[in-house]
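Right, one structure below, let's go through it.
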Amino acid sequence: MKNSEIAERFSELSTPLAADACIRVGVSFSVAPFGIQSVLSDSRVGGRAFPVRHFGSVDVFLEALNEAEEGDVLVVDNNGRLNEGCIGDLIVIEASACNLGGVVIWGAHRDSAELAKLGLPVFSYGSWPVGPLRLDERSTDAFKSARFGEYTVTRNDVVFGDLDGVLFVPYESVNDVLQMAELLWETERTQADAVRSGRTLREQLRFDEYLARRKLDPDYDFRKHLRAIGGAIEE
């Protein structure tokens, strides 16, 4: 699946829907550690990951942009550092010129005001005004993988990001995940419209029936009930 299709289909969805979809279809996924935020007030990104490890100099990003494909999401491993802004406006301008889908950083960014004007989705753990003052020895796996918390991101991952956070999903399963997420979205929209029309969520989910069944069968939990009636409020 091309990045353009991934981005288009995800544009109507969300990371909570994608996470629920992964659980429904039995696909393993990873979540960026708590605290990641979008530089933009409303941002969404979906595309194949292009991992890159940062060693203190921006040349590694420029080289990555030589290799990345249109719509790829640059996933930057800066070892979670919060005391250096490893990505700034010039690299994001270059990424935008290369038609990348966005940038996701395990670390911090800088030039926040300029990044907000550019409009390219950028996710990080905050801003820091000073760039890297170190220059580490570059490893041979600079573009093979990027650590993100306890997870290792590769080209075999797809990145989904929005105001709720960032997910990493196997590329081979992305169509199944998106199909299920779209189904969940349709179900939830139908339920929401019904509530607005006067039919409560409890009515739709036959909540009284669930309570009665639970009295007779303590092992009958709410998730079993939802699966039985096709509800989509949780998994």
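Read in order, the letters of the sequence shown correspond to residues 14 to 248 in our numbering.
Beta carbons: idealized from backbone N, C-alpha and C, even for Gly.
All figures in this text were calculated on a predicted structure; none of them were measured in a lab.
Within 8 Å, do at least three Cβ pairs link the stretch 192-204 to the stretch 43-63? no
Work out the CA separation of residue 207 and residue 114 for me, nearest whole Å. 35 Å
Less than 8 Å between the CB atoms is what I'm expecting for residue 68 and residue 148, so what's the real figure, rounded? 7 Å
Buried/exposed call for residue 132, threshold 16 Cβ in 10 Å: exposed
I think residue 156 touches residue 166, with their Cβ atoms under 8 Å apart; what is that distance to the nearest whole Å? Incorrect: roughly 11 Å between the Cβ atoms, too far for contact.
Could you tell me the boundaries of the beta strand (DSSP E) in which residue 94 lies? Segment: none, residue 94 is in no beta strand (DSSP E) and carries neither H nor E.
Identify whether residue 41 lies in helix, strand or coil by the three-state DSSP scheme. coil
Taking its Cβ as the centre, do 16 or more other Cβ atoms sit within 10 Å of residue 229, making it buried, or is it exposed? exposed
Sub-8 Å separation of residue 173 and residue 39 beta-carbons: no
Among the residues of its own chain, which have a CB less than 7 Å from the CB of residue 109, if the five just before and after it don't count? When the five nearest sequence neighbours on each side are left out, the beta carbons in the same chain lying within less than 7 Å of the beta carbon of residue 109 are those of 131, 133, in order along the chain.
Can you list the beta strand (DSSP E) stretches of 3 or more residues lying completely in the stretch 141-180, in chain order? 159-161, 164-166, 170-175
Thinking just about the alpha-carbon of each residue, which of 37, 191, 184 is nearest to the one in residue 21? 191
CA-to-CA distance, residue 48 to residue 89, given in whole angstroms: 16 Å
Tell me where the alpha helix (DSSP H) around residue 215 begins and ends. 214-217
Residue 121 in three-state terms, based on DSSP: strand
Quick one: what does DSSP say residue 62 is sitting in, helix, strand or coil? strand
Whose CA, out of 171, 175, 179, 176, lies closest to the CA of residue 185? 171
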